[in-house]
Ligand SMILES: [Zn+2]
């Protein structure tokens with residue numbers, strides 16, 4: 381294509397490598413199937429969530445994907461009653477931090493629970509949602 385690449389095109393290429401979209405593809409593909417997976421460092425065994433291209437513990441760059449399961453336990457939460465303008469259509473919502481089976485913690489919206497019934501320690505499930513345009517995301521729902 382470009383026989384005489386300019387600095388500009390090399391910069392673009394570098395940026396693509398800096399943003400590890402390809403390395404997190406597996407996460408999004410699994411999520412579409414309702415599975416929560418993340419990265420396990422091949423060097424030190426550290427499991428990260430959300431997925432990390434480089435191990436935060438040893439900076440290793442080799443990893444494998446592990447299934448984190450979908451069982452979780454509510455650790456803490458915030459009921460948001462005055463919603464930001466961008467979420468106005470959603471009404472009040474709950475943001476939760478829950479501990480996964482592996483002990484890792486994840487942050488997500490909590491759906492399908494009456495606010496009065498939400499208590500730390502309650503059993504949750506991770507569920508995939510379709511954000512449209514092929515952009516899945518995950519939420520917690522009561523188990
Ligand atoms: Zn590591």
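Residue numbers (the working numbering): 381 to 523. Each residue gets a CB set at the ideal place from its N, CA and C atoms; glycine is no exception.
Which residues in the same chain as residue 451 place their Cβ atom closer than 6 Å to its Cβ, once the five residues preceding and following it in sequence are excluded? Taking the chain shown and counting its residues from 1, one reaches residue 451 at position 71. Here the set comprises 481.
Proximal residues to residue 517 (C-beta, below 7 Å), its chain only, five neighbours per side dropped: Position 137 of the chain shown, counted from the first residue, corresponds to residue 517. Counting only Cβ-Cβ distances below 7 Å, and skipping sequence neighbours, we find 509, 511.
Same chain, Cβ closer than 6 Å to residue 448, neighbours up to 5 away in sequence not counted: Working through the chain shown from its first residue, we reach residue 448 at position 68. Here the set comprises 416, 418, 480, 482.
Report all residues from its chain with a CB closer than 8 Å to the CB of residue 437; omit the five preceding and five following residues, and keep chain order. Counting from 1 along the chain shown, the entry for residue 437 is found at position 57. The answer, listed in chain order, is 421, 424, 426.
Based on the DSSP secondary-structure assignment, which residues constitute the bridge partners of residue 458? Taking the first residue of the chain shown as position 1, residue 458 is located at position 78. DSSP lists 475 as partners of residue 458.
Do residue 478 and residue 465 have their beta-carbon atoms positioned less than 9 Å apart in this structure? Sequence index remark: in the chain shown, residue 465 carries index 85 (1-based). Sequence index remark: in the chain shown, residue 478 carries index 98 (1-based). No, these two residues do not count as a Cβ contact at 9 Å.
Pick helix, strand or coil for residue 396, following the three-state DSSP scheme. The count along the chain shown starts at 1 and reaches residue 396 at position 16. Here the model assigns residue 396 a pLDDT of 38, short of 50, so the residue's position is not dependable, and the following value carries that caveat. Collapsing the DSSP output to three states places residue 396 in a helix.
Quick test of your reading: residue 493 and residue 522, contact by CB under 8 Å. State the CB separation rounded to the nearest angstrom. Here residue 493 is taken as the residue at index 113 of the chain shown, counted from 1. Here residue 522 is taken as the residue at index 142 of the chain shown, counted from 1. Confirmed, about 5 Å.
Simplified DSSP state of residue 448, which is helix, strand or coil: The residue you call residue 448 lines up with position 68 of the chain shown. Of the three classes helix, strand and coil, the one that applies to residue 448 here is coil, per DSSP.
Could you check how far apart the C-beta atoms of residue 457 and residue 504 are, in whole angstroms? I think they sit under 8 Å. Position 77 of the chain shown, counting from 1, holds the residue named residue 457. Position 124 of the chain shown, counting from 1, holds the residue named residue 504. Actually they do not touch by this definition, with Cβ atoms about 10 Å apart.
Residues whose Cβ lies closer than 5 Å to any heavy atom of ligand 1, in chain order: Taken from the N-terminal end onward, the list reads 421, 423, 424, 426, 435, 437, 438, 440.
Which residue marks the beginning of the beta strand (DSSP E) containing residue 521, and which one marks its end? If you number the chain shown from 1, residue 521 lands on position 141. First-last of the beta strand (DSSP E) with residue 521: 516-522.
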